[in-house]
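Each remark here refers to the structure printed beneath this line.
In my numbering, the protein residues as written are 4 to 508.
In structure tokens form, the structure reads like this:
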């Protein structure tokens with residue numbers, strides 16, 4: 004009798020067939036593994052965090068030269084860094100809907116009111132509603148025009164203060180003056196009061212704002228390792244700093260809101276942003292639309308204030324820095340402004356449209372010195388393919404606009420400050436040309452872009468119209484320090500000190 008009958012062999016074969024199929028399928032899938040974007044080798048646990056660098060936009064620019072315009076890094080979570088206009092177009096236009104959400108950003112969560120703001124809220128019904136509010140109410144063209152008198156008054160006050168200082172012939176800290184200018188404008192637009200007038204006491208508000216900007220500009224352990232990182236941030240005291248800074252800012256917003264709700268308050272002729280947001284809150288609560296609370300209003304105020312103050316001041320500082328380094332360009336811009344304005348004594352917003360070269364100076368500044376070098380990170384919501392690479396859900400996307408502005412394939416002599424490159428050139432910063440993306444593009448484009456640009460152009464025109472600018476004694480153009488300070492925004496590391504010489508119009 005045979006040891007095993009044919010029927011037994013058949014049963015055994017039938018049992019082994021599924022296992023053989025699974026093994027064969029696994030081998031096939033391994034051979035057909037979908038390619039991911041290239042990138043440097045990652046280390047155990049820390050991934051590529053050691054390659055973050057003091058200035059991530061610079062570090063990742065160097066990596067892109069080796070690995071290409073789309074690279075994959077492991078920074079706690081998979082992170083794709085985009086460093087070319089073509090790749091940016093794919094992510095921000097072609098696949099905009101696939102990657103227009105936001106990662107949790109745990110370390111910054113205290114500044115985002117549980118992600119009720121337009122900046123950090125994930126994609127969904129609430130974000131879409133808040134974006135409509137910002138675009139059609141807070142930052143509408145009509146609203147922007149209604150605040151023209153505030154911008155012109157504050158720029159005039161700046162010019163008068165510099166004129167008073169110019170009599171001494173000494174250098175002034177232009178960086179500090181420009182920060183105060185943008186803070187005054189944003190405070191009056193948002194809160195109905197100037198930067199100096201606050202419940203914090205003399206100088207305290209400035210300290211709170213600087214602390215908030217420093218915290219927003221830095222990374223936390225929780226940004227990369229959400230669970231263990233929270234413990235580390237508590238042990239280092241960073242969590243406590245975030246908590247205190249947030250509570251101080253929140254307390255200020257609460258007091259200003261309560262002041263606006265006071266029936267005995269003397270209302271200004273023009274609505275400020277808090278008036279607008281409180282009206283929207285009442286309307287939304289009555290209509291039963293997507294819930295819009297006081298915290299929602301505070302979240303928008305936080306975005307408006309912290310982003311608006313820093314972005315405008317940074318752009319103005321870099322513009323004046325580049326002009327000081329390039330006397331030919333400064334002279335050309337001054338001649339245009341002075342010939343156009345004549346002896347009017349000041350530049351108004353209605354005059355700015357005539358100043359074509361000045362607008363080119365602003366564009367060139369935004370190309371070389373985008374205030375936010377890495378656009379706020381997006382998070383992918385679905386799987387898609389770009390340039391043959393597969394991008395999976397829950398991947399962070401960082402667009403390196405600083406690197407795009409220095410791409411030699413897009414810009415001739417990219418390190419040179421040359422406004423003339425925009426002459427007869429339609430490239431603009433409004434999100435349609437991916438060579439120049441200081442304010443982003445697609446659904447997540449910055450809604451406050453026009454407010455920032457209006458302030459920058461008006462202030463720069465008046466600074467050039469009313470003053471000639473000299474370097475401190477013994478200093479040459481080549482001596483101006485161009486180092487960048489690390490942070491979410493890229494400020495000039497050292498203050499810009501120039502000597503104003505009053506020009507009699």
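Ideal placement from N, C-alpha and C gives every residue a C-beta, glycine not left out.
Annotation: the continuous beta strand (DSSP E) that includes residue 472 extends over 470–473. In the DSSP assignment, residue 50 forms a beta bridge with 46. The residue among 243, 179, 146 with its C-alpha nearest the C-alpha of residue 165 is 179. Taking every protein chain shown into account, the CB of residue 271 has fewer than 16 other CB atoms within 10 angstroms, so this residue is exposed. The residues 336, 337, 340, in chain order, have a CB closer than 6 Å to that of residue 467 in the same chain once the five nearest residues on each side in sequence are set aside.
In the structure shown, residue 343 falls within a helical segment according to DSSP collapsed to helix, strand and coil.
Closest in C-alpha terms to residue 94, from the list 367, 386, 139, 287, comes 386.
As a beta-bridge residue in DSSP terms, residue 392 pairs with 389. Counted as a single uninterrupted DSSP element, the beta strand (DSSP E) harbouring residue 74 occupies residues 73–78.
CA-to-CA, the gap between residue 161 and residue 324 works out to about 18 Å.
Contact between the region 394–412 and the region 434–451 is present: 3 or more CB-CB pairs across the two stretches fall below 8 Å. Residue ranges of uninterrupted alpha helix (DSSP H) with 4 or more members, entirely inside the region 263–296 and ordered along the chain, are 276–290. With respect to the C-alpha of residue 353, the residue from 241, 398, 151 having the closest C-alpha is 151. Nearest C-alpha to residue 215 among 503, 484, 490: 490. In this structure, residue 361 places its C-beta atom within 9 Å of the C-beta atom of residue 463.
Straight through space, the alpha carbons of residue 369 and residue 417 are spaced by roughly 13 Å.
At a Cβ-Cβ threshold of 9 Å, residue 432 and residue 366 count as neighbours. Annotated three-state conformation of residue 364 is helix, per DSSP. Selection 70, 505, 373, 187 evaluated against residue 317 yields 373 as nearest (Cα-Cα). DSSP places residue 176 in the strand class (E or B) of the three-state scheme. When DSSP reads this structure, residue 82 sits in a beta bridge with 76, 399. DSSP, read as helix, strand or coil, puts residue 100 in helix. About 6 Å separates the CB atoms of residue 283 and residue 136; that is less than 8 Å, so the two are in contact. Separation of residue 267 and residue 258 (C-alpha to C-alpha, rounded to the nearest whole angstrom) is 15 Å.
Under DSSP, residue 503 forms a beta bridge with 472. In this structure residue 88 touches residue 410 by the C-beta definition: roughly 7 Å separates them, less than 8 Å.
The beta carbons of residue 398 and residue 72 sit no closer together than 9 Å. Contact between residue 343 and residue 326 does not hold, since the beta-carbon distance rounds to 17 Å and is not under 8 Å.
Of the residues 158, 504, 434, the one whose Cα lies closest to the Cα of residue 99 is 434. The beta carbons of residue 375 and residue 493 sit closer together than 9 Å.
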